[in-house]
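Enquirer: All residue numbers for the sequence shown refer to this note's numbering, where the first residue is 2 and numbers rise by one.
No residue lacks a Cβ here, since even glycine has one placed at the ideal position from N, Cα and C.
Computed from a predicted model, the values in this text were never measured in an experiment.
Below is a structure I'd like to ask you about.
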Amino acid sequence: MSACLSLLAAAALAAAPDQQVSAPSAPQEIVQPIPPERTDASDVGFHAYLDSLRQKAADMGVSAATMNAVFPTLSYNPRVIALDRAQPGGGSFEATIPPFEPYRRKHVDAARIYGGQQAWRANRAKLVAIEQQTGVPEAIMVAIYGHETNYGRFTGDFDLLRALATLAYEGRRRELFEPEFLAALKMIEQGVPRKRLVGSWAGATGYPQFLPSVYLRAARDGDGDGGADIWTSEADALASIAGYFVDAGWRKGEPWGVAVSVPASLDRSSLANRTLPPRCERVFARHSRWLSMAEWRALGVTTLGARTTLPDDTLATLLEPDGPGKTAYLLTSNYRAILDYNCSNFYALSVGLLADRVSE
2 MSACLSLLAA AALAAAPDQQ VSAPSAPQEI VQPIPPERTD ASDVGFHAYL DSLRQKAADM
62 GVSAATMNAV FPTLSYNPRV IALDRAQPGG GSFEATIPPF EPYRRKHVDA ARIYGGQQAW
122 RANRAKLVAI EQQTGVPEAI MVAIYGHETN YGRFTGDFDL LRALATLAYE GRRRELFEPE
182 FLAALKMIEQ GVPRKRLVGS WAGATGYPQF LPSVYLRAAR DGDGDGGADI WTSEADALAS
242 IAGYFVDAGW RKGEPWGVAV SVPASLDRSS LANRTLPPRC ERVFARHSRW LSMAEWRALG
302 VTTLGARTTL PDDTLATLLE PDGPGKTAYL LTSNYRAILD YNCSNFYALS VGLLADRVSE
């Protein structure tokens, strides 16, 4: 996993209905520490668990000063546990996947397109430089920003350290949340103020909704001030999104995909994808096997519109999100990079489509 999103599938503020693990919009929380006199079983067990985390943090090189500043402020948060338990299981398959078109209309709407165009113009100089450095298109960075937090409007205000410690203590997905709690401590060690560490109930933070481990790996300084402030600096957030995609294998100059029309005579059974990755099987099971664009054209698959073209030797998979007879998409390896950010076909398609509209 490249980082954000088998985890961010549970942490993103705007989940898609075909995710491997879906999540609702994160409720906004004003952090209210549990009074010290509370001594119910959950709180007692929680503080005993914090003692074990102290040792692990120390083994990672976290200073006593950081731990002494953080650990006394932590308390068990039952609201976070309730939200986590309300999520579908990561390996469960719903009986049916709803159509994509209603999701597209909601997430690639006039307001989000207009907001993306505004964000693009406001950050154009930085975006040009970031694309030149990384190969990640300006509009893709902006589209992720729009999908994750509606261009910074909704970032969540759960206390990340409290939420992550609670989720790790509960134990159901400790292997997921405990490392994120420890990574958040490392962020503080690196100079990130504790007050910045707020976000979704499942640990995503900032304009790009990065988990702490993702921040440590992918956060970038986009405005040249020496820091990576993904909470208030759009330039840093956009550069960090590009950094994430570089790590995910983004190929410079290759579009994410193209809308196509598929002939009714196409033998889909002969194109079935028989090799699935170990994660997000439900998502990738909907894709065909890889063929070159020349092979797709020979099968009668034609592009809709002439805005995006893919060379004959480009490999692509076919996805028909609304079934035969509806708009389909041929998707490149860069589409897989978007799936790495959030493992949902609905999410990845709408990011690509929003990027196309923003850059018109």
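Take Arg80 as the anchor and find which of Arg173, Tyr146, Trp202, Pro100 has the nearest alpha-carbon.
Expert: Of Arg173, Tyr146, Trp202, Pro100, the residue nearest in Cα terms is Trp202.
Enquirer: Under 7 Å Cβ to Cβ from Glu321, same chain only, skipping five residues before and after it: list those, please.
Expert: Val263, Lys327, Ala329.
Enquirer: For Met68, which residues from the same chain have a beta carbon less than 8 Å from its beta carbon, with the 5 sequence-adjacent residues on both sides left out?
Expert: So the list reads Arg55, Ala58, Ala59, Leu186, once near-sequence residues are dropped.
Enquirer: Apart from the five residues just before and just after Gly46, which ones in its own chain have a Cβ nearer than 8 Å to its Cβ?
Expert: If we look at Gly46 and ignore the five residues flanking it on each side, its Cβ neighbours are Tyr170.
Enquirer: What do you reckon, is the C-beta of Ile131 under 6 Å from a heavy atom of the ligand SAH?
Expert: In terms of ligand content, the structure shown is empty, and the ligand SAH therefore cannot be addressed.
Enquirer: What are the residues that DSSP puts in a beta bridge with Ala329?
Expert: In DSSP, Ala329 forms a bridge with Val261.
Enquirer: Which whole runs of the alpha helix (DSSP H) in the region 47 to 125 are 4 residues long or more, in chain order?
Expert: Those alpha helix (DSSP H) runs which fall completely within the region 47 to 125 and span 4+ residues are 65 to 71, 79 to 86, 101 to 108, 111 to 123.
Enquirer: Roughly how many angstroms separate the alpha carbons of Ala17 and Asp110, rounded to a whole number?
Expert: Each residue's Cα considered, the two are about 15 Å apart.
Enquirer: Can you look up Val284 in the DSSP assignment and give me helix, strand or coil?
Expert: Helix at Val284.
Enquirer: Buried or exposed for Glu181, please, with buried defined as at least 16 other CB atoms from any protein chain shown within 10 angstroms of its CB.
Expert: Answer is buried; the Cβ neighbour count reaches 16.
Enquirer: Consult DSSP for Ala140 and reduce its assignment to one of helix, strand or coil.
Expert: It is helical.
Enquirer: Taking Ala229 as part of the beta strand (DSSP E), name the residues at either end of that continuous run.
Expert: Run containing Ala229: none; DSSP gives neither H nor E here.
Enquirer: With a threshold of 7 Å on Cβ separation, who are the neighbours of Val261 within its own chain once the five nearest residues in sequence on each side are excluded?
Expert: These residues qualify, in order along the chain: Val302, Thr303, Thr304, Leu305, Ala329, Tyr330, Leu331.
Enquirer: Is DSSP giving Gly157 helix, strand or coil here?
Expert: Coil at Gly157, not helix or strand.
Enquirer: Is Ala219 closer than 7 Å to Gly192 when the C-beta atoms are compared?
Expert: Their beta carbons are not under 7 Å apart, which means Gly192 does not touch Ala219 by this criterion.
Enquirer: Please name the residue, chosen from Asp314, Tyr208, Pro73, that lies closest to Ala49 on a Cα-to-Cα basis.
Expert: Answer by Cα proximity: Pro73.
Enquirer: Distance, Cα to Cα, Phe155 vs Gly62?
Expert: Straight-line Cα distance between these residues: approximately 33 Å.
Enquirer: Rounded to whole angstroms, what's the CA-CA distance from Ala338 to Trp251? Just pull it up for me.
Expert: Each residue's alpha carbon lies about 6 Å from the other.
Enquirer: Can you give me the Cβ contacts of Leu354 inside the same chain, cut-off strictly under 8 Å, excluding the 5 residues immediately before and after it?
Expert: Counting only Cβ-Cβ distances below 8 Å, and skipping sequence neighbours, we find Arg105, Val109.
Enquirer: At the level of alpha carbons, what is the spacing between Ile131 and Tyr342?
Expert: When rounded, the distance between both Cα atoms is 18 Å.
Enquirer: With Asn124 and Ala265 assumed to form a contact (beta carbons below 8 Å), what rounded beta-carbon distance in angstroms separates them?
Expert: Incorrect: roughly 44 Å between the Cβ atoms, too far for contact.
Enquirer: Which of the three DSSP states, helix, strand or coil, is assigned to Gly301?
Expert: It is coil, neither helix nor strand.
Enquirer: At the level of alpha carbons, what is the spacing between Trp257 and Ser214?
Expert: Approximately 26 Å, taken between the alpha carbons.
Enquirer: Residues in its own chain within less than 6 Å of Val32 by CB, not counting five upstream and five downstream?
Expert: Because Val32 sits at a pLDDT of 39, beneath the cut-off of 50, its placement in the model cannot be relied upon, and the point is left open.
Enquirer: Tell me whether Thr206 sits in a helix, a strand or coil according to DSSP, three-state version.
Expert: Three-state DSSP puts Thr206 in a strand.
Enquirer: To the nearest angstrom, how far is it from the Cα of Phe211 to the Cα of Ile145?
Expert: Computed Cα separation, rounded: 12 Å.
Enquirer: For Gly157 and Gly200, which I take to be in contact (beta-carbon distance under 8 Å), what is that distance rounded to the nearest angstrom?
Expert: Confirmed, Cβ separation roughly 4 Å.
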